[in-house]
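Structure record follows, encoded as structure tokens.
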Amino acid sequence: MPEQIKIGIINVSDRASAGVYEDIPGQSAKEILSDYLLNPVAFEYAVIPDEQARIEAQLKQMADDDGCCLVITTGGTGPALRDVTPEATEAVSEKLMPGFGELMRATSLQYVPTAILSRQTAGIRGSCLIVNLPGKPKAIRECLEAVFPAVPYCIDLIGGPYLESNTQHIVCFRPKSK
Amino acid sequence: MPEQIKIGIINVSDRASAGVYEDIPGQSAKEILSDYLLNPVAFEYAVIPDEQARIEAQLKQMADDDGCCLVITTGGTGPALRDVTPEATEAVSEKLMPGFGELMRATSLQYVPTAILSRQTAGIRGSCLIVNLPGKPKAIRECLEAVFPAVPYCIDLIGGPYLESNTQHIVCFRPKSK
Amino acid sequence: MPEQIKIGIINVSDRASAGVYEDIPGQSAKEILSDYLLNPVAFEYAVIPDEQARIEAQLKQMADDDGCCLVITTGGTGPALRDVTPEATEAVSEKLMPGFGELMRATSLQYVPTAILSRQTAGIRGSCLIVNLPGKPKAIRECLEAVFPAVPYCIDLIGGPYLESNTQHIVCFRPKSK
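Taken in order, these protein sequences are the chains called A, B and C.
Under numbering that gives the first Met the number 0, the residue at position 84 of the first sequence is numbered 83, and the numbers go up by one with no gaps.
Under numbering that gives the first Met the number 0, the residue at position 157 of the second sequence is numbered 156, and the numbers go up by one with no gaps.
Under numbering that gives the first Met the number 0, the residue at position 141 of the third sequence is numbered 140, and the numbers go up by one with no gaps.
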């Protein structure tokens with residue numbers, strides 16, 4: 000039986016946090032991750048405005064205090080003045096993982112040429128992997144599908160729990176030996 | 000009738016600025032952009048040496064004082080000691096747009112393996128998008144063709160004017176709604 | 000007759016430096032480079048633990064004191080706490096070359112989805128090009144094959160020696176004129 004894990008989901012959106020929009024991106028990310036994983040997952044959940052200090056504080060809480068091995072953000076990765084999710088992610092990460100952003104942009108480029116406007120990245124804080132996703136559910140799915148196969152092994156390498164994927168939904172990869 | 004816009008073009012080149020070479024890169028960028036856009040364009044234009052302080056000052060003037068919504072640089076993106084255009088761009092940008100450099104290098108790689116030597120990037124300063132292009136006219140065209148489809152929407156998102164493209168030359172993309 | 004050149008190879012690995020493992024990555028990189036180059040090569044060689052200060056000191060010695068035009072590192076590019084080769088490379092480089100990491104990750108992605116976990120990069124220090132490679136011999140070969148075609152021209156541009164490649168093993172590229 001796979002061990003229980005904790006995953007944080009942060010919807011970064013001025014309008015969703017003000018209640019103007021429903022939190023569809025966060026719910027979408029939660030459903031996809033539930034499909035992907037055989038581990039029982041306790042989700043930590045937040046909807047916050049596009050303010051860098053707030054995003055940083057939320058990332059730290061989920062990584063350090065709540066013990067999440069994975070934190071997903073949605074939204075706030077574009078070129079607009081209020082888009083600061085990547086800056087917050089960089090500020091709290093000990094290591095940046097440029098390959099995540101590169102692959103997500105390359106994947107989204109197969110659908111829309113404006114994919115290059117996304118500045119999404121990923122980083123490591125302690126034993127937690129933080130991944131920025133876009134704000135639209137369709138793009139969230141495309142990006143998670145692209146990068147998730149590397150997530151369980153990444154979490155192994157940073158000393159997190161052992162994630163087991165549901166191969167009916169996603170095929171993950173672990174090299175045979177180190 | 001599309002509104003008039005201002006675009007800055009900076010040819011960064013020790014030799015062109017010393018009059019040794021004609022400014023072919025700058026003229027080439029200007030022609031391509033004139034083909035791409037239905038808006039009447041007032042071009043600001045400069046040919047300057049590969050000196051970081053000079054490039055930064057020129058970028059600031061075009062973005063802040065001249066009111067350009069787009070500034071294109073050509074040249075100075077390689078590994079040589081005098082190549083400092085990306086450093087100047089990073090220094091004056093509030094946000095960096097890594098997807099532009101990634102896509103331009105991936106595009107140029109289809110033609111030459113030395114495309115990976117280009118360090119070109121893009122960034123946002125206020126309501127102005129700055130994009131580094133290579134120095135050779137053929138590569139300028141290839142790179143602009145690759146990234147321009149995302150430029151009008153990017154300028155929308157940073158509060159700039161509404162760019163209309165000439166679909167006979169380039170097809171740009173704006174998502175239907177946010 | 001091609002001129003003699005110096006190349007540094009640094010295997011960054013706690014276990015190899017402690018003698019637990021043989022230095023297979025370093026030997027592998029050496030063999031591949033010997034195949035690729037017609038120049039007689041004097042290799043500088045080091046096996047050191049995953050400590051940033053040690054890696055930085057070794058990179059500086061090979062670039063500044065030993066006169067290497069190319070330094071290859073193997074290992075230490077992942078997300079784990081001890082993986083700090085990219086940080087050391089960035090710290091000693093005057094310019095970073097993001098295209099190398101992008102292309103190596105894109106290449107490795109054709110083989111394993113965990114390629115996005117590699118943070119490998121490249122940089123310029125004086126007249127020396129530093130390139131991070133992964134730690135596994137198979138991945139070392141795949142990555143070198145991808146980026147080496149641009150290496151001789153890069154070394155031209157930074158004022159290093161003239162590298163001549165063995166076209167039976169690798170085809171390098173130099174643009175016809177500047």
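The beta-carbon is built from N, C-alpha and C at its ideal position, and this holds for glycine as well.
As the structure is a prediction and not an experimental result, all values here were calculated from the model.
The beta carbons of residue 99(C) and residue 130(C) sit closer together than 8 Å.
Residue 16(A) carries a helical assignment under DSSP once its states are collapsed to helix, strand and coil. The Cβ atoms of residue 78(C) and residue 94(A) lie closer than 8 Å to each other. Proximity of chain C to residue 113(B) at the Cβ level (cut-off 7 Å) is accounted for by 149, 152, 172 and 174, in chain order. Following the DSSP letters along the chain, one finds residue 73(B) inside the beta strand (DSSP E) bounded by residues 69–73. In this structure, the CA atom of residue 148(A) is about 38 Å from the CA atom of residue 125(B). Per DSSP, reduced to three states, the secondary structure at residue 56(B) is helical. Residue contact check for residue 146(B) against chain A: a CB pair falls below 8 Å. Residue 158(A) counts as exposed, since fewer than 16 other C-beta atoms from the protein chains shown sit within 10 angstroms of its C-beta.
For residue 43(C), the enclosing beta strand (DSSP E) covers residues 40–47. Nearest neighbour of residue 25(C) by Cα position, chosen from 34(C), 15(C) and 19(C), turns out to be 15(C). Comparing C-alpha distances from residue 11(B) to each of 132(B), 96(B) and 0(B) shows the shortest one belongs to 132(B).
Judged by DSSP secondary structure, residue 129(C) falls within the beta strand (DSSP E) whose first and last residues are 127–132. Contacts with chain B at 8 Å (Cβ-Cβ) do not include residue 140(A).
At a cut-off of 8 Å between beta carbons, residue 24(A) makes no contact with chain B. Residue environment for residue 5(A): buried (at least 16 other C-beta atoms within 10 angstroms of its C-beta). Residue 8(B) sits close to residue 44(B), with the two beta carbons spaced by under 8 Å.
Comparing alpha carbon positions, the residue from 139(A), 123(A) and 61(A) closest to residue 97(A) is 123(A). Less than 8 Å separates the beta-carbon of residue 27(B) from that of residue 139(B). The three-state secondary structure of residue 124(B), taken from DSSP, is strand. Note that the C-beta distance between residue 113(C) and residue 172(A) is below 8 Å.
Leaving aside the five residues that flank residue 2(C) on each side, the residues in its chain whose CB is nearer than 7 Å to its CB run, in chain order, 38, 160 and 161. Excluding sequence positions up to five before and after residue 23(C), its CB lies within less than 7 Å of the CB of 136, all in the same chain and listed in chain order. Residues of chain A with a Cβ closer than 7 Å to the Cβ of residue 48(C) do not exist, since the nearest Cβ in that chain sits about 16 Å away. Across the set 167(C), 65(C), 82(C) and 119(C), the C-alpha of 65(C) shows the shortest separation from the C-alpha of residue 40(C). Contact note: residue 101(A) reaches chain B through 101, using a C-beta cutoff of 7 Å and chain order. Within the region 53–79 of chain B, the residues whose Cβ lies closer than 7 Å to any Cβ of chain C are, in chain order, 77, 78 and 79. Residue state for residue 162(C) is assigned as coil, using DSSP reduced to three classes. Secondary structure note for residue 29(C): it is in no beta strand (DSSP E), and the uninterrupted alpha helix (DSSP H) holding it is 23–35.
The criterion of a C-beta distance shorter than 8 Å is not satisfied by residue 91(B) and residue 50(B). Under the DSSP assignment, residue 7(B) falls in the beta strand (DSSP E) whose first and last residues are 4–11.
Linking residue 29(A) to residue 165(C) through their CA atoms gives a straight-line distance of about 53 Å.
Here DSSP, grouped into helix, strand and coil, assigns residue 80(A) to coil. Contact annotation for residue 118(A) against chain B: 94, 95, 96, 97 and 98 [CB-CB distance below 8 Å, chain order]. Counting C-beta atoms within 10 angstroms of its own C-beta, residue 109(C) has fewer than 16 neighbours from the protein chains shown and is therefore classed as exposed. With contacts defined by Cβ atoms closer than 8 Å, residue 118(C) and residue 85(C) form a contacting pair.
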